[in-house]
Amino acid sequence: MRLDWRLPGRPASDRAADTARMRHALPQWHRIAVPAFGAPFSGRSVRAACRLAQMSDGKTDGCDVRLVYVIEVPRALSIATELPGEEALAEQFLEQARQRAYLSGSTAMTDVLRGREAVETLIRHVRQSEIDLLVLGSRTDEVRGLPISLTRQLLARAPCAVLLDHIGGENAEED
156 MRLDWRLPGR PASDRAADTA RMRHALPQWH RIAVPAFGAP FSGRSVRAAC RLAQMSDGKT
216 DGCDVRLVYV IEVPRALSIA TELPGEEALA EQFLEQARQR AYLSGSTAMT DVLRGREAVE
276 TLIRHVRQSE IDLLVLGSRT DEVRGLPISL TRQLLARAPC AVLLDHIGGE NAEED
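Letter by letter, the sequence shown follows residues 156 to 330 of the working numbering.
Given below as structure tokens:
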């Protein structure tokens, strides 16, 4: 996937000029987060976050990309209870996403969050970490990215800008 900021009706030869023009039109993001819960990160979302960070990089102090994985801890357990299977899965998914970020020419920081409810945990993290943009990956088959119900809740309640990359139908294989 390429994020080319080509204006409709413009020839491909004007791509560099269009990209430069759009770079100046982008908001000034400092922290971009890509969350995941229960499934691998959406590769397209990681690449999109990295590309946006690179485009924002020329502005002031640059832009951080954070890959955030949420582990829901059942209420019957203490929040500090070790969940080795979930923690290993989180590390595996974070490493895959880190590699995608690296291949996109970026480095990404990672966070593993523990909480009772994924949405509440993510929203609290966004506020505390002063995240400017959430990049959400969602697929109808829910093999990668966020579950659709979680995506809807984050779209409605996020205290920052949200970019949604939704893949549906036969395009689900593109990730």
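Glycine is no exception: its CB is placed at the ideal position from the N, C-alpha and C atoms.
Contacting residues, own chain, Cβ-Cβ under 7 Å from residue i (five flanking each side not counted)
i	result
Thr276	Val225, Leu268, Gly270
Asp285	For clarity, residue 285 is Glu in the given sequence; the question names Asp instead. So the list reads Arg186, once near-sequence residues are dropped.
Glu241	Ile226
Ser211	Leu181, Gln183, Trp184, Cys218
Gln209	Gly260, Ser261
Enclosing beta strand (DSSP E) for residue i [first to last residue]
i	result
Leu137	Here the chain has residues from 156 to 330 only, and residue 137 is not among them.
Same chain only: Cβ atoms within 8 Å of residue i, ignoring 5 sequence neighbours per side
i	result
Val281	Ala188, Leu289, Ala313, Pro314, Cys315
Arg279	Gly270
Glu272	Glu227
Pro274	Sequence check: residue 274 is Val here, not Pro. Once the five neighbours on either side are set aside, the close Cβ partners of Val274 are Leu305, Gln308, Leu309, Arg312.
Paired residues, beta bridge with residue i - DSSP
i	result
His185	His185 is not bridged to any residue.
Ser293	Leu301, His321
Ala316	Leu288
Pro190	Val223
Where the alpha helix (DSSP H) containing residue i begins and where it ends
i	result
Leu301	From DSSP, Leu301 is part of no alpha helix (DSSP H); its letter is neither H nor E.
Arg230	It is not in any alpha helix (DSSP H) - Arg230 carries neither H nor E in the DSSP assignment.
Ala204	198 to 211
Contacts around residue i, its chain only, beta-carbon distance under 6 Å, and the 5 residues preceding and following it disregarded
i	result
Leu99	Outside the displayed range of the chain (156 to 330) lies residue 99, so it cannot be described from this structure.
Could you tell me which uninterrupted alpha helix (DSSP H) segments, each at least 4 residues in length, are contained entirely in the segment 232 to 286, listed from first to last along the chain?
-> The qualifying runs are 239 to 258, 273 to 283.
Segment contact flag, the segment 225 to 241 with the segment 189 to 198, C-beta cutoff 8 Å, min 3 pairs = They touch, by the three-pair rule.
Contact the segment 256 to 264 vs the segment 302 to 313: 3+ CB pairs below 8 Å = No, the segment 256 to 264 does not touch the segment 302 to 313.
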